[in-house]
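Taking my numbering, the leading residue of the sequence shown gets 167, the next gets one more, and so forth.
Backbone N, C-alpha and C define an ideal beta-carbon position, used for all residues, glycine too.
A quick write-up on the structure given underneath.
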Amino acid sequence: MDFIRKNYVELIERMGITITHQIADHIYSKSVIDLEEKDEIYCEKTGPKAARKIIDLIQQKGEKACRLFVDCLRVKDVFLFEDLLGRSLPEVPTKQNIDMMAEDLKHLYKSAYFQKFHPLGEDIDIIFDLETTFTDAQFWKKDIWNQRKGTMTLSHFLGEFKNPTVIEGGAGKGKTTLLKRIAALWASGETSVLNKYRLVFFISLSAAEREIYETVCEQLLRVPYEIDKETFQNSLRFLKEEVLFLLDGYDEFKPANCPEIEDMIKHNFRFKNTVIVTTRTESVSNVRPIAEIIAEIGDLSEENSKVIIRNILGPELSKGLLQQLENSSTMQELMKTPLFVVIACAIRLGDTSIIPKTQTVLFRTLYDLMISKNQYKISFMTSETVQESINVCGDLALRGIFEHCFEFYLRKELHSEQEDVLLKSGLLNKYTAQRMEPVYRFFHKSFQEYIAGRRLHGLLTSAKESEMKMGYQYLNQIDNISDISNKYYNLLMYTCGSSTQAASIVIQHMTNVKKHGRLLGTPLETDRPHVPSDNNQEQISQNMEELHKLQEVSMESFVNCALNFFAESLSKNELSAEFEFFFQKKKLHISSQSIPTCLSDFFQYLPKCLAALELIELELFGNLHCSEIPNQSKKTYIPEKAVSLFFDWSHSLNSIEVSLNDFQRLSKKDITYLGKICCSAKSLRLLLTRSKGISGKLPDVLKMCEYNLKDLVIEETPLTLTDEQHIVLMKQLKTLYISDLQTERLPGGLLEGIQNLQNLEKLNLINIKMAEDDAKQLAEGVKHLQRLQELHLAKLEGIGNGLRFIIDAATSRDCCLKKMVLVNCCLTKEAVIILAENLRNANKLESLDLFENQLEEDASGCVEKLIDKLRALPSLQTLMLPWGQNVKDSLSKLLDFLKNLPGLQKLGLQSWHLTDKDLELLSSSIQNGHLRDLQHLDLSENCVSSQGWHRFLGALGMLKKLRVMDLSSKEGMQPEPRLINDLGKLIFELSALRRVGLQRWHLDKEYLKCLNKGNVVFGREFQLLVSSDYIEEDETDEESHM
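As structure tokens, then:
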């Protein structure tokens, strides 16, 4: 207690809101404070106020509580704790100490020991030199949603460091080499942007087993080092951001071995040193939330790969490999990865005739080269010993992949003969420097994955039942789509590449994962060994939940995995049946920006798989500026590679979706290419987005897909009269969607001819320039659309009273309408009354959306009449009502109707002028068991107070399926702390919730943190919609401290 009393003012001023909350959580878990007291701490707006609250509470709890508080502070903020004790900074580190460390580090980074290394292990005589071999990488800058936001060069990247920075990249992309290069550039003093760093530490995280000081001494300096640990730590604190840590290989890091480094990465605000950490793409999710900048290492350009080849092989020996690179598209694909370039060079040194076609073949050739090259070293051993040693190596690699282990201590596991075989053949490397026990590693994580995949293939295809059973035990641990697409992707790829039989097993496994969520440990064929599973019933329940989640997740990466595994297996049509079963009812997405080589083989050798696909999506981009095109008369945006995939009479495609994005021009050749692609499927969906180059040329395109065009979507693309006239000639159309068309409607155009589209089922017209006469013309056309199931009109603000004619035309007789959306379309009293009277003819209607329509003084009577007639719609699932004066008078009648509508999923009462009293009526209805299936509730822009919303939270808590709710205020509202606290708890408890609207609520940063806490805990996609103008900055604490 003396410590707290003595440092009372310092603690209040320096603890900060984050540390305070962490301590509050800890002492709550120890029952020192109760939930209400913890919530009081969280509700304080500023760090000093929160700190004062917790300190005052703790002092009231007695000596034991105070000791727990101090112990927790020591763990959560050791720097503050030691500083308050007077131990943190006994003295400012001397310039001599800092200069000494800098000199030692620079000497290391300039040395041949650091700059020259064997990328494939010392048995392969290739030396990588940072000075001569390195070529500058290109980076993709990414946001926290993992979307690419443009490219940057190394020099730009060095100038844009923010703390911490995460660099991600696939296997062998050069992440380690990049960090070494940065360290070497700092040591040279020739890169001005790096001169601001006094100290730079390059640390290999895979070898980090102790705290920062010990790790730095072992890896970079010497043991013992002249500067002690305390002086070293003081230097880091004193220099702050002038110290740069280059932390390599977070995907191979074990935080338990070095929690201090983990803390530096995850809680850098305590250290304040600059941190750059690299990780593989599949592991980036572990560090993405804390990153200020995320950069992905891009593909190696063909020119840069040629530079590396020449630097490694020299001018004469490189000629053959460069020729292969020119002639082989497979080689061009492989050479985008620096590691594979180096391996290809190693193979070239051993055999000039081999052309590796896949990553597996590349590693297999290297593997064979290492074995044959070192055969003489183990020639005295029996073949049984050699094979047994190789199997041990494979088991080691495979176990390491599943245990996330890349360093091995094998004193008791490895016999001396086995060690000899593995070390002398180069399959393993041994490290003994400054270690009590030797450590064994593969020369690269990718090589370990290849060895593991090779071994898994051997187990799965073994004639021995015990080995086959072991193989399936490993395989069945990979039981979800995420693990297949990310964590174990490389392992499975190398397994597929090892034999056609292994590829068949993996593809069948993937099919079962998609079908069941997980395999439950059961092999696919009855003659394969059964691997027992515990708690089957519990797992089956788990599977159903997973399957539901998987249905919401994009399957694009999963399908791409299968494509890559097919290419890696080199199986051609041998596995047609297995792949056909996998691709059944799936979608394949192809982008013209990157068409992988494997697609050509897929289309050629697996035509039945094409027929099995539900849909193929082809995205075409034409976003080059005309000024960038050297020869515009010959330039095409659509690549020939895409055309050659689709234009083949032997293919049988069910459905394709072709989208043209940002085409500023469309040449005759483009039109011909597009026609060849579009005619290749039975059913075509054509999307045109921001493509003014299509204007006036649309008839030429439509003529070539007259017989299979089912859906036409046009967004932000101007149309000529001739374009519109040809659209309405497409009599096979089932969907017509046009948005953002602000040209005048001319006689003889779209609206006049829409009656010709007799097969139309969905009509969407969004933000189209229309007058009242145009609306009447549209109504005449709608009368003839007998199969229309969806009518969606929005942002038609100039049609006057024309909507009544459209409504009458669509509903005046029995119709097939299931969805009617009329948003912001000048809805009038007359239109609402016509709709109400005609609802008996639209009894199949499932969705009625009249949002963003202001009826003003006419609202009350006509809305009440509409509610009376809603009883004719027993299948209604969506009801979004218009607003106006006194419309809330109809609330009781609406709630009475909703009692008999259990299937309602979406309800909107925006701007109904609802008050606290009205909300009590809605609350009572929900608490009586109505609206239980509601998934979307919009109560925005009403007149509810903070107290009213707080009372309503109890009812909201009963809506367990709620995904979206909007509680935005009509005017600025100052919520009470208890409302925010309980709303945050509600968001946490409603696990289905994905979006909450709180526009015009006055919120500060602590309120926002409280509301977003459920998002952090669940790791779910969650969006909180607030008004930036209403976000309050933290107040400074101006109270005096006694």
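- Query: Once you ignore the five residues that flank V809 on each side, which residues in its own chain have a CB closer than 8 Å to its CB?
  - Reply: Position 643 of the sequence shown, counting from 1, holds the residue named residue 809. Cβ within range, chain order: Y839, K842 and I843.
- Query: When the Cβ atoms of the stretch 824–831 are set against those of the stretch 849–859, are three or more pairs found closer than 8 Å?
  - Reply: Three or more Cβ pairs closer than 8 Å define a contact, and the stretch 824–831 meets that threshold against the stretch 849–859.
- Item | Classification of V987 by the beta-carbon crowding that lies within 10 angstroms, buried from 16 upward | As a working note, residue 987 is residue 821 in the sequence shown. By the 10 Å Cβ count, V987 comes out buried.
- Per DSSP, which residues does N930 bridge with? Please list them. Here the question's residue 930 lines up with position 764 in the sequence shown. Paired residues: Y903 and H958.
- Task: Over the uninterrupted alpha helix (DSSP H) stretch that includes G325, give me the two end residues.
- Result: On the sequence shown, residue 325 is found 159 positions in, with the first residue counted as 1. From DSSP, the alpha helix (DSSP H) with G325 extends over L320 to G325.
- Item | Three-state class that DSSP yields for D828 in the structure shown | The residue given as residue 828 occupies position 662 in the sequence shown. Coil.
- Query: With respect to the alpha helix (DSSP H) encompassing F787, which residues constitute its N-terminal and C-terminal limits?
  - Reply: Position 621 of the sequence shown, counted from the first residue, corresponds to residue 787. No alpha helix (DSSP H) contains F787, which is instead part of the beta strand (DSSP E) from L781 to F787.
- Message: So, under 8 Å CB-CB, V679 and N646 are touching, yes? Tell me the CB distance rounded to an integer number of Å.
- Response: Counted from its first residue, the sequence shown places residue 679 at position 513. Counted from its first residue, the sequence shown places residue 646 at position 480. 7 Å between Cβ atoms; contact.
- Item | Helix, strand or coil at Y606 [DSSP, three-state] | Position 440 of the sequence shown, counting from 1, holds the residue named residue 606. In the structure shown, Y606 adopts extended strand secondary structure according to DSSP, grouped into three states.
- Query: G914: buried (16+ other C-beta within 10 angstroms of its C-beta) or exposed?
  - Reply: If you number the sequence shown from 1, residue 914 lands on position 748. Its Cβ having fewer than 16 others within 10 Å, G914 is exposed.
- Task: Assuming E499 and W306 form a contact by the criterion Cβ under 8 Å, report the distance between their Cβ atoms to the nearest whole angstrom.
- Result: Your numbering for residue 499 matches position 333 in the sequence shown. Your numbering for residue 306 matches position 140 in the sequence shown. No, E499 and W306 are not in contact; Cβ-Cβ is about 18 Å, not under 8 Å.
- Using the beta-carbon count (16 or more within 10 Å), is A278 buried or exposed? By one-based count along the sequence shown, residue 278 stands at place 112. Exposed.
- Message: DSSP three-state label for H1102, please.
- Response: To locate residue 1102, count along the sequence shown from 1; it is residue 936. Looking at H1102 - three-state DSSP - the assignment turns out to be strand.
- Item | Closest by C-alpha distance to D1132, when choosing among S1091, K1175, K1083 and K1072 | For the purposes of this step, residue 1132 is taken as the residue at position 966 of the sequence shown. Of S1091, K1175, K1083 and K1072, the residue nearest in Cα terms is K1072.
- Give the single residue among H433, I460 and K438 whose Cα lies nearest to the Cα of R446. Reading the sequence shown from its first residue, position 280 is the one you call residue 446. Put simply, of H433, I460 and K438 the residue whose alpha carbon is nearest the alpha carbon of R446 is I460.
- Task: Find the nearest neighbour of H192 within the set T901, L239, I904 and G213, judged by alpha-carbon distance.
- Result: By 1-based counting over the sequence shown, the position of residue 192 is 26. It is L239.
- Could you pull the start and end residues of the beta strand (DSSP E) that R1161 belongs to? Residue mapping note: residue 1161 aligns to position 995 of the sequence shown, counting from 1. Run containing R1161: R1161 to L1164, per the beta strand (DSSP E) assignment.
- Using CA coordinates, which residue listed in S1112, K261, F411 and E384 is at the minimum distance from F327? For the purposes of this step, residue 327 is taken as residue 161 along the sequence shown, with counting starting at 1. For F327, the nearest C-alpha among the options comes from F411.
- Query: Exposed or buried, which one is L1128 when buried takes at least 16 other CB atoms within 10 Å?
  - Reply: Here the question's residue 1128 lines up with position 962 in the sequence shown. L1128 is buried by the Cβ-count criterion.
- Query: If we count the other Cβ atoms within 10 Å of its Cβ and call it buried at 16 or more, is E269 buried or exposed?
  - Reply: If you number the sequence shown from 1, residue 269 lands on position 103. Per the 10 Å Cβ criterion, exposed.
- Message: For L271, tell me which candidate among N400, I920, T666 and E384 has the shortest Cα-Cα distance.
- Response: Position 105 of the sequence shown, counted from the start, is the residue given in the question as residue 271. Checked all of N400, I920, T666 and E384; the closest Cα to L271 is E384.
- Message: Just to confirm the assignment, what range does the beta strand (DSSP E) spanning R851 have?
- Response: Sequence index remark: in the sequence shown, residue 851 carries index 685 (1-based). R851 -> beta strand (DSSP E) spans A847 to T855.
- Query: From V989 to S1157, what distance separates their C-alpha atoms?
  - Reply: Here residue 989 refers to the residue found at position 823 of the sequence shown. Here residue 1157 refers to the residue found at position 991 of the sequence shown. If I take the Cα positions, the gap works out to 30 Å.
- Query: CB-CB under 6 Å to I207, same chain, minus the five flanking residues each way: which ones, in chain order?
  - Reply: Indexing the sequence shown from 1 puts residue 207 at position 41. So the list reads A190, A216, K219 and I220, once near-sequence residues are dropped.
- Task: Report all residues from its chain with a CB closer than 6 Å to the CB of Y194; omit the five preceding and five following residues, and keep chain order.
- Result: Walking along the sequence shown from the start, residue 194 turns up at place 28. If we look at Y194 and ignore the five residues flanking it on each side, its Cβ neighbours are K204.
- Message: For R446, report the span of its beta strand (DSSP E) as first-last.
- Response: Residue numbering aside, residue 446 sits at position 280 when the sequence shown is read from its first letter. Where R446 is concerned, the enclosing beta strand (DSSP E) stretches over T440 to R446.
- Do you know whose CA, among N452, L1152, L466 and L515, lies nearest G480's CA? Here the question's residue 480 lines up with position 314 in the sequence shown. Checked all of N452, L1152, L466 and L515; the closest Cα to G480 is L515.
- Taking only runs of the beta strand (DSSP E) that begin and end inside the stretch 400–475, which ones reach a length of at least 3 residues, in chain order? 409–414, 440–446 and 459–463
- List the whole-angstrom C-beta distance separating K848 from N874, where the pair is believed to meet the contact cut-off of C-beta under 8 Å. Within the sequence shown, residue 848 is the residue found at index 682, counting from 1. Within the sequence shown, residue 874 is the residue found at index 708, counting from 1. Going by Cβ atoms, the distance from K848 to N874 rounds to 6 Å, so yes, they are a contact pair.
- Message: Suppose you measure from the CA of N1178 to the CA of K984; what does that come to, to the nearest Å?
- Response: Translated into the one-based positions of the sequence shown, residue 1178 becomes position 1012. Translated into the one-based positions of the sequence shown, residue 984 becomes position 818. N1178 and K984: Cα-Cα distance of roughly 37 Å.
- Query: If V332 and V443 are in contact, beta carbons under 8 Å, what's the gap, nearest whole angstrom?
  - Reply: If you number the sequence shown from 1, residue 332 lands on position 166. If you number the sequence shown from 1, residue 443 lands on position 277. Contact holds; Cβ gap of about 6 Å.
- Spatial distance of D889 from Q952 (CA atoms): Locating residue 889 in the sequence shown gives position 723, where the first residue counts as 1. Locating residue 952 in the sequence shown gives position 786, where the first residue counts as 1. Distance from the CA of D889 to the CA of Q952, rounded to the nearest whole angstrom, comes to 24 Å.
- Message: Let's test the definition: count the other Cβ atoms within 10 Å of the Cβ of W815 and tell me whether it reaches 16, buried, or not, exposed.
- Response: Within the sequence shown, numbered from 1, the residue matching residue 815 stands at position 649. Looking at its Cβ environment, which holds fewer than 16 other Cβ atoms inside 10 Å, W815 is exposed.
- Task: Given a cut-off of 8 Å, decide if L1001 and I972 are closer than it, judged by their beta-carbon atoms.
- Result: On the sequence shown, residue 972 is found 806 positions in, with the first residue counted as 1. On the sequence shown, residue 1001 is found 835 positions in, with the first residue counted as 1. No, the Cβ-Cβ distance between I972 and L1001 is not below 8 Å.
- Task: Return the chain-ordered list of same chain residues with a C-beta closer than 8 Å to the C-beta of L1061, the five sequence neighbours on each side being excluded.
- Result: The residue you call residue 1061 lines up with position 895 of the sequence shown. Excluding sequence neighbours, L1061 sits near L1087, L1088, S1091 and H1096.
- Message: If you reduce the DSSP assignment to three classes, tell me which class Q798 lands in.
- Response: Stepping through the sequence shown from its first residue, residue 798 is reached at position 632. With a pLDDT of 42 at Q798, under the threshold of 50, the modelled position of that residue is not reliable, and the figure given next carries that caveat. Coil at Q798, not helix or strand.
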